[in-house]
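Peer 1:
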Amino acid sequence: MKLSAPMRLFVVDDHRIFTDGLIELLSSEDDFDVVGNASSISDAKLTICNANADAVIIDVHLPDGDGFLLHEWMTENCKSDLPKMLYVTGDDRVTSINRAITLGAMAYLDKTGGWEEVANALRRSATGSKTLGTNIASKLAEYSFTPETTDTELSLREKEILKGISNGLTAKEMAADLNLALPTVRTYVSRMFKKLGAKDRAHAVSIGYARGLIGS
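Residue numbering for the sequence shown follows UniProt numbering, beginning at 1 and increasing consecutively.
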C-alpha cells in the first residue's frame, strides 16, 4: 500500500550504477521523494542532517568506512529525529546483520532482492515495521539454531525486553520506558537469554527474528 504523503529519502552508496537506478525507480513512485545522495561517509556528513530525510538507504561498505559509522555519527550529531535507517547491501555476514539490528535499523536487505523489496521495506518502515530480506532471514535462522536453545515461551515482559534490545536500547533506557528498576530489567534480560539459548544481545535478537518474536 502506498503512503499517504511522500517519504523523503537520502541514499548513501558508492556504486553509481546501482544508486542511479535505485533513485530513478524510487522517484517514479509518487510516495517517494529522493532529497539527496552521497557516495561516502564524509560526503554524507556535509548534508544528511539538514536534508530532513524520513529515511536513509545505506550500504554497509563505503570508501571511507562502513555504514554503521555513519549511523552512529548521525545518532550523535543530527539534532532532529534520526531518520529511519535501511541497509541495502551485498554483505550478508551475520556479524554485519546483527550490528545493523542492534543499532536499530528498520531493514536489512540484499541488493539482489530487487528495488520492489526496497520500496516495500520503506513503506513498512513508515508504520514502524521492520523488514529482513528473504536471504538475510535465512542466514539468521541458520545462525540462530543452537542445541542450547529451549522451547520455553517468553513472557510478555521478556518479549518487551527483547524488542527493546532490537531497537538498540540500553538496560537503563528500558528501565525508564517500562517503569522498572534497573536490576529487574537485568534479571529479565538474563532469563530471556537463558530461555532463548542466546550468547549475547545480538544473538538474542537474531533468534527473535528467526522465531518471529520480533516483527520483521
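Note that beta-carbon positions come from the ideal geometry of N, C-alpha and C, so glycine has one too. Note that the structure is predicted; figures quoted are calculated from it, not measured.
(1) At which residues does the alpha helix (DSSP H) containing D43 begin and terminate?
(2) Can you give me the Cβ contacts of E148 inside the same chain, cut-off strictly under 8 Å, excluding the 5 residues immediately before and after it?
(3) Kindly provide the ranges of any beta strand (DSSP E) runs that are 3 or more residues long and lie completely inside the UniProt domain "Response regulatory" (8 to 126), ordered along the chain.
(4) With 16 other CB atoms within 10 Å as the buried threshold, where does E173 fall?
(5) Using the C-alpha atoms, what's the distance from N179 back to M7?
(6) So, is M1 buried or exposed, given that buried needs 16 or more other C-beta atoms within 10 angstroms?
(7) Report all residues from its chain with a CB closer than 6 Å to the CB of V12; omit the five preceding and five following residues, and keep chain order.
(8) Can you tell me the Cα-Cα spacing of L26 and A5, whole angstroms?
(9) Relative to the alpha-carbon of A55, which residue among V35, P63, Y188, I207 has its alpha-carbon at the smallest distance?
(10) Leaving out the 5 sequence neighbours to the left and right, which residues in its chain are closer than 6 Å to G212 when beta-carbon positions are compared?
(11) Among residues of its own chain, excluding the 5 on either side of I214, which ones have a beta-carbon nearer than 8 Å to its beta-carbon?
(12) Taking its Cβ as the centre, do 16 or more other Cβ atoms sit within 10 Å of P63, making it buried, or is it exposed?
(13) Where does L178 fall in DSSP's three states?
Peer 2: Once the coordinates are examined:
(1) 41 to 47
(2) Residue placement at E148 cannot be trusted, given a pLDDT of 45 that sits under 50; what the coordinates show is reported in the next sentence. Excluding positions up to five away in sequence, the list reads G197.
(3) 32 to 38, 55 to 58, 84 to 89, 107 to 110
(4) exposed
(5) 33 Å
(6) exposed
(7) A38, A44, I58
(8) Going by the C-alpha atoms only, they are around 14 Å apart.
(9) Per the Cα distances, V35.
(10) none
(11) K130, L162, K163, S166, V205, G208
(12) exposed
(13) Helix.
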